[in-house]
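Residue numbers (our numbering), protein chains in the order written: chain A, 23 to 551; chain B, 541 to 625.
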């Protein structure tokens, strides 16, 4: 295109693609194509690109510098999408944060990464007022949604509160200069660890570009694909639906979640959705429903990750959507995606999550570092450009997860997950090495829930485990020893609701007189299962 | 107690854990206002089935029927009247 800045070409030729290019290249190539359908809006690539340019300009004006972090504390909304690309255009790294994250953890994450900016729903303005004094690095916040507030106001400490809509009306769009190279961070994605404190996985542009390209390749995404985004953008699986769709120039139908399954299905029919990424919880709900009134014949593929689908559900899904390909996949935020099962292998090995994604390799090692052969159980080790850069300012955790590879300067990812391999090289998940629980597709550190339980007066001992659940994959069950019998289940759950994200709230609470212990006095969770 | 009061009481006690009742308008959107999340919707379905003795069809679980106190009350009234409800 004539108006495409020519100085950008050499970067592309050198292969130095940035994540902002996903939007900008599609906006240059397909300006009038609908990129995003969300909240009854249909936005083209050109419109979104201009919106992101305006917000980027606003961020730069209010002090965002290259490499600065911006928290995106929003639901699946147009503003979240624009905020992600605006941060990248402004040279920053975005930090998606689940909008159900409660105050203390929000403050922890924003301070941990010293976020300079924050996008937040105007309905949360009072929360923002409460926490802003605790966030010394925060230079500005952007309120999205309808708000009576002025486009800009200064709070006493120099922190500026901006208004998303006002920025869109007041600023002339101009594509910001490319300040980054692909070794700069594109995003930090916070993930729970065994210690309970969330850690930010550092993803540079080359990591994200590579991971998105590799996944697009094996799914064989094409420009005509219309993908439904049900999973939160704060979850890397949900986020990559946006990134990948914009990279291949498709259309994303972004939904607020799966609270109203029939509504989402109706939207899928209306928009002739071709791609359906889900987690076992979502597919379990779909399988319970009679879909005969929904024409989903345009569906080309379904993908599942985050937790394994039970083999019976795999079969039922294939019976329900015989015209679509089903991908069983496995990954962790630390490498984005790791394995996928080519759909033509599903009949032969339904329990497998497949092989390394294109352009990467994996193998199994025992505790001594010896590589294992077929049939043996060991830790999955990952090599490739999707191996992220480590955890933000957490050198010990980084050193444990990311270790040197065969060539100098190389990083391998030690997944902490145990697998076995069959004779033909396909991998099967066995268990986690630590006790992380997967519930509703999200990772839950029992420690984080237990820490919250211990905050309750009267709790003497607390242990949280995962129990099998047909809908959730695993449901959280809390065992409590309390003093004085004053606590009831409702009170415990109320306390959890106030202090934890939705997916971390236990489904079951059991009161016990005591908990089983190991010889060293630790709670022995294996005896609770 | 009206159906509306019954719903508000349930949400205040079980989903909001509020000490001062249900501080929203009857037509406030549960999801938009963050009153009820996606798991909360499933809890509401169970509450409706148990309290009002009706079976909620999966296809009835829509924002039109479930996304505010007044919508939910209307749904429960209509459903109670219908012969197959």
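Even for Gly, the Cβ is constructed at its ideal location relative to N, Cα and C.
ask   = residue 118 of chain A lies in the beta strand (DSSP E); which residues open and close that run?
value = 115 to 118
ask   = At a Cβ threshold of 8 angstroms, is residue 122 of chain A touching chain B?
value = yes
task = Starting from residue 601 of chain B, find everything on chain A with Cβ-Cβ shorter than 9 angstroms and list it in chain order.
result = 281, 282, 283, 284, 285
Span of the beta strand (DSSP E), counted from its first residue to its last, around residue 224 of chain A = Per DSSP, residue 224 of chain A is one residue of the beta strand (DSSP E) stretching across 221 to 226.
request  = Return the CA-CA distance between residue 432 of chain A and residue 146 of chain A, expressed in angstroms with no decimal places.
outcome  = 43 angstroms
request  = Give the residues of chain B in contact with residue 311 of chain A, contact being defined as C-beta atoms less than 7 angstroms apart.
outcome  = The contacting residues are 598.
request  = Flag residue 524 of chain A as yes if its beta-carbon sits less than 8 angstroms from any beta-carbon of chain B, otherwise no.
outcome  = yes
query = First and last residue of the beta strand (DSSP E) that includes residue 185 of chain A?
reply = 182 to 185
ask   = How about residue 289 of chain A: is its C-beta nearer than 8 angstroms to some C-beta of chain B?
value = no
ask   = Do you know offhand how far residue 351 of chain A's Cα is from residue 328 of chain A's?
value = Whole-angstrom Cα-Cα distance: 8 angstroms.
ask   = Counting contacts by CB-CB distance shorter than 8 angstroms, is residue 571 of chain B in contact with chain A?
value = Yes, because at least one Cβ of chain A sits closer than 8 angstroms to the Cβ of residue 571 of chain B.
inquiry  = According to DSSP, residue 323 of chain A sits in a beta bridge with which residue or residues?
reply    = When beta bridges are read from the DSSP output, residue 323 of chain A appears opposite A:297, A:347.
task = Tell me whether residue 490 of chain A sits in a helix, a strand or coil according to DSSP, three-state version.
result = Three-state result, residue 490 of chain A: strand.
task = Mind the definition here: the stretch 89 to 105 of chain A touches the stretch 123 to 137 of chain A only if three or more C-beta pairs lie below 8 angstroms; say whether that holds.
result = yes
ask   = Quick check: the stretch 269 to 288 of chain A against the stretch 422 to 442 of chain A, are there 3 or more CB pairs under 8 angstroms?
value = no
ask   = Which stretch, first to last residue, makes up the beta strand (DSSP E) that contains residue 461 of chain A?
value = 459 to 461
key: Continuous alpha helix (DSSP H) stretch holding residue 615 of chain B: start and end   = From DSSP, the alpha helix (DSSP H) with residue 615 of chain B extends over 609 to 621.
inquiry  = Please confirm whether residue 577 of chain B has its beta-carbon closer than 8 angstroms to some beta-carbon of chain A.
reply    = For residue 577 of chain B, the answer is yes, since a Cβ of chain A falls inside 8 angstroms of its Cβ.
query = For residue 494 of chain A, which residues from the same chain have a beta carbon less than 6 angstroms from its beta carbon, with the 5 sequence-adjacent residues on both sides left out?
reply = 303, 461, 462
ask   = Just the Cα atoms here: how many angstroms apart are residue 288 of chain A and residue 187 of chain A?
value = 29 angstroms
task = Determine, using beta carbons only, whether residue 588 of chain B comes closer than 8 angstroms to chain A.
result = no
key: Local conformation of residue 485 of chain A per DSSP, three classes   = The DSSP-derived three-state label of residue 485 of chain A is strand.
ask   = Just by C-beta distance, which residues in the stretch 414 to 427 of chain A are closer than 8 angstroms to chain B?
value = none
ask   = When we look at the beta-carbon of residue 273 of chain A and count the other beta-carbons within 10 Å, is it buried (16 or more) or exposed?
value = buried
ask   = Which word fits residue 99 of chain A, buried or exposed, when buried means at least 16 other C-beta atoms lie within 10 angstroms of its C-beta?
value = buried
task = Identify each residue in the stretch 65 to 83 of chain A for which the Cβ-Cβ distance to at least one residue of chain B is less than 8 angstroms, and report them in chain order.
result = none
key: Host alpha helix (DSSP H) of residue 41 of chain A (start-end)   = Run containing residue 41 of chain A: none; DSSP gives neither H nor E here.
key: Residue from A:370, A:305, A:237, A:123 with nearest C-alpha to residue 470 of chain A   = Selected option, being the one with the closest Cα: A:123.
inquiry  = Below 8 angstroms on the Cβ atoms is my contact criterion, and I expect residue 107 of chain A with residue 42 of chain A to pass it. Report the Cβ-Cβ distance as a whole number of Å.
reply    = The Cβ separation is near 6 angstroms, so the contact holds.
ask   = So, is residue 429 of chain A buried or exposed, given that buried needs 16 or more other C-beta atoms within 10 angstroms?
value = exposed
request  = Would you list, in chain order, the members of the stretch 136 to 166 of chain A that have their beta-carbon closer than 7 angstroms to a beta-carbon of chain B?
outcome  = 145
message = Beta-carbon within less than 7 angstroms of residue 543 of chain B's beta-carbon, same chain only, minus the 5 sequence neighbours each way: which residues are those?
response = The residues 613, 616, 617, in chain order, have a CB closer than 7 angstroms to that of residue 543 of chain B in the same chain once the five nearest residues on each side in sequence are set aside.
key: is_contact[residue 574 of chain B, chain A] using C-beta, thresh 8 angstroms   = yes
task = Using the Cα positions of residue 528 of chain A and residue 162 of chain A, report the straight-line distance between them to the nearest angstrom.
result = 35 angstroms
task = Just the C-alpha distance for residue 378 of chain A and residue 224 of chain A, rounded to the nearest angstrom, thanks.
result = 21 angstroms
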